[in-house]
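*Asks:* Under numbering that gives the first Met the number 0, the first residue of the sequence shown carries the number 0, and numbering increases by one thereafter.
For each residue, glycine too, the CB sits at the ideal point set by N, CA and C.
Every value quoted in this text rests on a predicted model; they were computed, and no experiment measured them.
If you scroll down you'll find the structure; I have some questions about it.
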Amino acid sequence: MDSSFNPAVPYLSAVRPRKFPWVNVALFIATCFSTLLMGSLLMMGFNGMSPSTGIWDPANLRLGLPFSLAIMSILFAHEMGHYLTCRYYGIDASLPYFIPFINPVGTMGAFIKIRAPIQNRAALLEVGVSGPIAGFVVAVAVLIISMPYARFVSAETLEDGILLGEPLIFKAIEYVAGMTPPEGMDTYLHPVSFAAWFGFLATALNLLPAAQLDGGHITYALFRSYHRWISVGVIAILIPLAILYFVGWWVWIVVLLMLRLNHPPTLDDSLPLRRRHAILGWIGLILLILCFTPAPFTF
Numbered sequence: 000m001d002s003s004f005n006p007a008v009p010y011l012s013a014v015r016p017r018k019f020p021w022v023n024v025a026l027f028i029a030t031c032f033s034t035l036l037m038g039s040l041l042m043m044g045f046n047g048m049s050p051s052t053g054i055w056d057p058a059n060l061r062l063g064l065p066f067s068l069a070i071m072s073i074l075f076a077h078e079m080g081h082y083l084t085c086r087y088y089g090i091d092a093s094l095p096y097f098i099p100f101i102n103p104v105g106t107m108g109a110f111i112k113i114r115a116p117i118q119n120r121a122a123l124l125e126v127g128v129s130g131p132i133a134g135f136v137v138a139v140a141v142l143i144i145s146m147p148y149a150r151f152v153s154a155e156t157l158e159d160g161i162l163l164g165e166p167l168i169f170k171a172i173e174y175v176a177g178m179t180p181p182e183g184m185d186t187y188l189h190p191v192s193f194a195a196w197f198g199f200l201a202t203a204l205n206l207l208p209a210a211q212l213d214g215g216h217i218t219y220a221l222f223r224s225y226h227r228w229i230s231v232g233v234i235a236i237l238i239p240l241a242i243l244y245f246v247g248w249w250v251w252i253v254v255l256l257m258l259r260l261n262h263p264p265t266l267d268d269s270l271p272l273r274r275r276h277a278i279l280g281w282i283g284l285i286l287l288i289l290c291f292t293p294a295p296f297t298f
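This is the structure:
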């Protein structure tokens with residue numbers, strides 16, 4: 000941060016008395032358990048074990064620890080990127096709320112609650128981009144560590160399963176690790192690699208430049224007069240993707256429409272951005288391109 004500009008001092012919000020975050024802690028523990036449970040099921044399948052052997056067996060539950068640690072680390076890094084940036088700018092924000100859920104990854108993600116208006120577009124952009132950058136870095140590390148444990152299987156054996164769409168970053172790491180599948184074969188991912196894949200998907204979804212998503216924050220900071228039109232453009236792109244590639248995009252379209260595609264102004268929209276904010280905006284766009292795939296799932 001340039002010494003001529005201290006964004007925190009003029010805008011410090013009133014200090015609220017802090018209580019122990021019981022809800023945050025309870026949700027964190029519950030999400031650790033739900034991801035542990037689903038990780039155990041994934042690992043048992045990867046090892047060729049049947050769930051009938053006893054998912055509640057402590058030995059089987061322990062199999063889910065690497066998956067749970069991986070996915071919780073990615074989500075935690077993402078949300079703490081937002082939270083610590085809020086703290087730096089003196090913005091009143093909650094600790095992360097994790098969402099336990101019984102689905103293939105054991106969670107619906109996490110979020111923080113910003114309790115006060117954001118001071119200016121510089122703070123807004125940095126709050127928006129910091130989470131995806133942090134989560135992306137951890138997801139890349141997780142994938143690099145776990146990719147050697149993947150194995151090649153005949154494509155015919157996966158005909159009745161669910162195939163994962165591979166974003167560019169996934170293909171690049173596969174290539175560098177020498178794990179590009181040969182003709183007629185597919186890659187059977189280790190569950191920890193699946194956690195990294197989910198991290199890339201979450202990063203892409205959050206970076207869509209619309210409404211009040213992380214990408215929407217970045218778009219408003221850089222192009223505030225055109226934010227709504229860019230949001231409408233995102234909807235226009237998602238509609239054919241939902242028709243041609245993946246019906247799940249309809250859900251995301253509904254979510255964006257519920258957010259009304261608008262973005263509230265900051266307390267001082269007139270404060271100009273610096274060159275580094277344009278660089279951060281480009282980084283956000285690059286991460287979106289690297290993590291996005293038109294068809295996350297193919298049935």
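Please list, in chain order, all residues of the same chain as Ala195 whose beta carbon is under 6 Å from its beta carbon, the five residues on each side excluded.
*Replies:* Taken in chain order, the residues that qualify are Ala138, Val141 and Leu142.
*Asks:* Using DSSP with H/G/I as helix, E/B as strand and the rest coil, what is Thr297?
*Replies:* strand
*Asks:* So, helix, strand or coil for Tyr88, using DSSP?
*Replies:* coil
*Asks:* Should the segment 42-62 be regarded as contacting the segment 103-112, the criterion being three or more beta carbon pairs within less than 8 Å?
*Replies:* Per the Cβ contact rule, the segment 42-62 is not in contact with the segment 103-112 (fewer than 3 Cβ pairs under 8 Å).
*Asks:* Measure the C-alpha to C-alpha separation of Gly127 and His216 and round it to an integer number of angstroms.
*Replies:* 5 Å
*Asks:* Classify Leu243 as buried or exposed, calling it buried when 16 or more other Cβ atoms lie within 10 Å of its own Cβ.
*Replies:* exposed
*Asks:* Identify every run of the alpha helix (DSSP H) within the segment 35-101, keeping only runs that are complete inside it and at least 4 residues long; order them along the chain.
*Replies:* If only uninterrupted alpha helix (DSSP H) runs of at least 4 residues are considered, those enclosed by the segment 35-101 are 57-60 and 64-87.
*Asks:* Rounded to the nearest angstrom, what separates Cys31 and Gly53 at their Cα positions?
*Replies:* 19 Å
*Asks:* If we ignore side chains and look at the alpha-carbon of each, how far apart do Arg86 and Met79 end up?
*Replies:* 10 Å
*Asks:* Ala109 by DSSP, collapsed to three states: which one?
*Replies:* DSSP places Ala109 in strand when its eight states are reduced to three.
*Asks:* What would DSSP say about Thr265, mapped onto helix, strand or coil?
*Replies:* Three-state DSSP puts Thr265 in coil, outside helix and strand.
*Asks:* CB Thr292 to CB Glu173, shorter than 9 Å?
*Replies:* No, these two residues do not count as a Cβ contact at 9 Å.
*Asks:* Nearest by alpha-carbon distance to Ile90: which of Leu123, Ile98 and Asn102 is it?
*Replies:* Leu123
*Asks:* I need the straight-line Cα distance from Trp249 to Arg227, nearest angstrom please.
*Replies:* 19 Å
*Asks:* Answer with buried or exposed for Ala76, where buried requires no fewer than 16 other C-beta atoms within 10 angstroms of its C-beta.
*Replies:* Residue burial is scored here from C-beta neighbours: Ala76 has at least 16 other C-beta atoms within 10 angstroms and is therefore classed as buried.
*Asks:* Cutting at 8 Å between CB atoms, please list the residues of its own chain near Ser153, excluding the five before and the five after it.
*Replies:* Gly183, Met184 and Asp185
*Asks:* Out of Asn119, Trp55 and Leu62, point me to the one whose CA is closest to Pro263's CA.
*Replies:* Asn119
*Asks:* Determine whether the beta carbon atoms of Ala209 and Leu163 lie at a separation below 9 Å.
*Replies:* no
*Asks:* What does a CB cutoff of less than 6 Å around Leu35 pick up in its chain, not counting 5 residues either side in sequence?
*Replies:* Gly63 and Ser67
*Asks:* Considering Tyr219, what are the terminal residues of the alpha helix (DSSP H) in which it resides?
*Replies:* Residues Asp213 to Phe222.
*Asks:* Starting from the C-beta of Leu284, find all residues in its chain whose C-beta is less than 7 Å away, skip the five residues before and the five after it, and write them out in chain order.
*Replies:* none
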